[in-house]
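Residue 9 is where the sequence shown starts when you use this note's numbering, and the numbers rise one by one after that.
Cβ coordinates follow ideal geometry from the N, Cα and C atoms, glycine included.
Bear in mind the structure is a predicted one, so any value in this text is a computation, not a measurement.
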Amino acid sequence: MHLGFIGTGTITAAILRGLKSSPHAGWPVTLSPRSAGLAARLAAELPHVTVAPDNQSVIDSAETVILAVRPQVAQTVLTGLHIRPDQTVISLIAATPAHHIAAWTSASRICRAIPLPFSQDRRDVVPVFPPLPEAMALFSALGRALAVDDQATFDLYAATSALMASYFGILETAAAWAVANGMQPADARTYLAGLFANLGHAALQSPLDLATLRVEHATRGGLNEQVFADFAAHGGTQALTAALDTILARIRG
Ligand SMILES: NC(=O)c1ccc[n+]([C@@H]2O[C@H](COP(=O)([O-])OP(=O)(O)OC[C@H]3O[C@@H](n4cnc5c(N)ncnc54)[C@H](OP(=O)(O)O)[C@@H]3O)[C@@H](O)[C@H]2O)c1
């Protein structure tokens, strides 16, 4: 499958590096010319990657077109480009419905996906709506592709994908607290990063539901139970739920 990317930024680079270490390494790729330095580096570093002179040439060369520009410039960038009905579009553009893409480009076979930088290491879990086979094949090679059958559920994946900064914020807050109380910064980071990585592994691997995992990781009357009870009592869980409600409303416009 020949892929064409409109937008050669962070997420395109991650997908491309993952793809080129996957069983689909032979798929040809054409990149758009903006971010010329990164595009040139990717073309030099990876096999079967070329840079087109303009965005329409990217589209004309590709069977599947991946849209990876920022939402703020999407309409300006895409209006006037022509995508044929036989071409597949995978839009990564946040909070931008497929009917907008169709109106701007005349594309008709469109899906949306939420890859994250973990695509580079082929450990991503990527929601795809609707689950067009081309997108499922691409993202299966980058970890796991999740078939999503309705827009409402896709929006929920988009909202929960916005938790990444909060994850680091929790680590940052806990590490700062430990450092303020005398721990070395490097030790705080090593310990907390290892702790959370192991918890993520447990959440992925364990057959237990999340509430049971929480209870399993809290001795009755012990320290873990007390921290979560304090966190909830001081509005932590409520604040998280409210933030997700707000972000869902933003995603749904
Ligand atoms: N990064 C993530 O983890 C992530 C995850 C999921 C979804 N997304 C979505 O993916 C999209 C891209 O995100 P990103 O993080 O990769 O952003 P980014 O690093 O800013 O990349 C966007 C790219 O679009 C290019 N661009 C701007 N105008 C263009 C034009 N007229 N023609 C062609 N390319 C143009 C930019 O080039 P210049 O630098 O020259 O302006 C830049 O290379 C966004 O819609 C975002 O919501 C990102």
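Near ligand 1: residue i beta-carbon under 7 Å from a heavy atom
i	result
A102	yes
T87	no
L24	no
P135	no
V105	Note on residue identity: the sequence assigns Pro, not Val, to residue 105. No, since every heavy atom of ligand 1 falls outside the 7 Å radius drawn around the Cβ of P105.
V57	no
G12	no
N206	no
T38	no
G151	no
P123	yes
P79	yes
A76	yes
R120	no
S69	no
T16	yes
I255	no
T220	no
S43	yes
T72	no
I98	no
Distance cut-off 7 Å: residue i Cβ against heavy atoms of ligand 3
i	result
N232	This structure lacks ligand 3; the ligands present are ligand 1.
Local Cβ density within 10 Å of residue i, reported as buried at 16 or more and exposed below that
i	result
W185	exposed
N206	exposed
E142	buried
Y175	exposed
N189	exposed
D158	exposed
R117	buried
A111	exposed
V97	buried
T113	buried
V134	buried
A70	buried
Q234	exposed
T87	exposed
T161	exposed
A247	exposed
Beta-carbon proximity list for residue i, same chain, < 7 Å, skipping 5 on both sides
i	result
S29	R130
N232	H225 and A226
L100	I19, I74, L75, A76, A121 and P123
A155	V136, P139 and M144
V187	P193 and A196
Close-in-space but distant-in-sequence residues of the same chain around residue i (CB under 6 Å, 5 per side omitted)
i	result
L7	For residue 7 there is no data in the structure shown, the boundaries of the chain being 9 and 261.
T168	none
P125	A22
A170	I255
Distance between beta carbons of residue j and residue i, contact taken as under 8 Å
i	j	result
V59	A48	7 Å
V66	I14	6 Å
L46	V57	Actually they do not touch by this definition, with Cβ atoms about 11 Å apart.
L163	I259	Checking the displayed sequence, the identity of residue 163 turns out to be Asp instead of Leu. Indeed, because the Cβ distance is near 5 Å, the residues count as touching under 8 Å.
L221	A210	7 Å
A115	I91	4 Å
Own chain partners of residue i with C-beta closer than 8 Å, once the 5 adjacent residues on each side are dropped
i	result
W35	M9, H10, L11, L27 and H56
A182	A196 and L200
S214	L221
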